[in-house]
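Enquirer: Pasting a structure below so you can have a look.
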Amino acid sequence: MPFFSSREDVVNLEDKNLEDKQKVVSAQVGPEGDGQLQSTAQTEAGEGEDLLFQLNAARTEAHKLEDRVLRLAAEFENYKKRIQRERETSLKYAEENLLKELLSPLDNLERSIEQGRNAIDASILLEGVKMTHNGLIGALEKFGLKAMNSRGAVFDPNYHEALVMEVSPEVPANTIISEFQRGYFYKDRLLRAAKVVVSSGRGDGASTDD
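Numbering (numbering that gives the first Met the number 0), first residue to last: 0 to 209.
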């Protein structure tokens, strides 16, 4: 056991031992250990830069998508408003084409009235009225109107309204003798039922077929 003459000698010995230990550690790590630590730090720094780049790219893409969504929403809102305006306009002027077609029969009717005032022969006025009627029917048929031909048909309560039942030796029972008011279809839908006169047969209980 070494002999220490003073406290100072003890401190000096401890400092010497610490220096020796540091030298041993440095010798064990060596230059290669320092290089590995530096390489690890560089790798971690590079990975951090990559993550930051990816984050910025993701933010940029998110902003682009947000702008696109807002733009599409605005375009869709404008589209709805335009469709609503067109629908309102269409409803407002829905009868325009029909009225245009009715102008020609109206002109014919006015000419017929004017000619009838000076006509001696009533047939001239009648011919003008017939022309007006035909023109009016033609105009309405363009829009899907179809006249019902009920005379001679079997009475059908789905399409006919019986105003009178008449005895008729010639017309079979339940058969329409004449029309009081013509019925019409609009395309495939009943627009107005025909008001008709219906035969009740001979009236003696016997069939007209006998």
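Just so it is clear, CB atoms sit at the ideal spot from N, CA and C, and this is done for glycine as well.
Between G151 and Y185, how many whole angstroms is the CB-CB distance? I'm expecting something under 8 Å.
Expert: For this step, residue 151 is matched to residue 152 along the sequence shown. For this step, residue 185 is matched to residue 186 along the sequence shown. With a Cβ gap of about 23 Å, G151 and Y185 do not count as contacting.
Enquirer: Just grab the DSSP bridge partners of T88 for me.
Expert: Within the sequence shown, residue 88 is the residue found at index 89, counting from 1. In the DSSP output, where bridge partners are listed per residue, T88 has none listed.
Enquirer: How many angstroms separate the CA atom of V68 from the CA atom of L50?
Expert: Sequence index remark: in the sequence shown, residue 68 carries index 69 (1-based). Sequence index remark: in the sequence shown, residue 50 carries index 51 (1-based). About 27 Å.
Enquirer: Kindly give me the distance between the Cβ atoms of L124 and G115, rounded to whole angstroms, as I take these residues to be in contact under 8 Å.
Expert: Along the sequence shown, read from residue 1 onward, the residue named residue 124 stands at position 125. Along the sequence shown, read from residue 1 onward, the residue named residue 115 stands at position 116. Indeed they touch by this definition, with Cβ atoms about 4 Å apart.
Enquirer: What does the alpha-carbon distance come out to for the pair E85 and E94?
Expert: The residue given as residue 85 occupies position 86 in the sequence shown. The residue given as residue 94 occupies position 95 in the sequence shown. Each residue's Cα considered, the two are about 15 Å apart.
Enquirer: Are the region 74–82 and the region 95–115 touching by the rule of at least three beta carbon pairs closer than 8 Å?
Expert: Short answer: they don't touch.
Enquirer: Could you please give the first and the last residue of the uninterrupted alpha helix (DSSP H) stretch that includes M130?
Expert: Taking the first residue of the sequence shown as position 1, residue 130 is located at position 131. From DSSP, the alpha helix (DSSP H) with M130 extends over 121–140.
Enquirer: When DSSP labels each residue in this structure, what does A61 get in the three-state scheme?
Expert: Your numbering for residue 61 matches position 62 in the sequence shown. Of the three classes helix, strand and coil, the one that applies to A61 here is helix, per DSSP.
Enquirer: How far does the beta strand (DSSP E) with E160 in it extend, from its first residue to its last?
Expert: On the sequence shown, residue 160 is found 161 positions in, with the first residue counted as 1. Residues 159–166.
Enquirer: Whose C-beta lies closer than 8 Å to the C-beta of K91 among residues of the same chain, with five residues either side of it excluded?
Expert: For the purposes of this step, residue 91 is identified with residue 92 of the sequence shown, where counting begins at 1. Here the set comprises nothing.
Enquirer: Would you mind sorting F179 into buried or exposed? The rule is 16 or more other CB atoms within 10 Å of its CB.
Expert: Against the sequence shown, residue 179 aligns to sequence position 180. So F179 counts as exposed.
Enquirer: So, is S89 buried or exposed, given that buried needs 16 or more other C-beta atoms within 10 angstroms?
Expert: Position 90 of the sequence shown, counting from 1, holds the residue named residue 89. Burial call: exposed.
Enquirer: Let me check one thing: in DSSP terms, what residues is Y185 bridge-paired to?
Expert: Your numbering for residue 185 matches position 186 in the sequence shown. DSSP output for Y185 lists L144, R188 as bridge partner(s).
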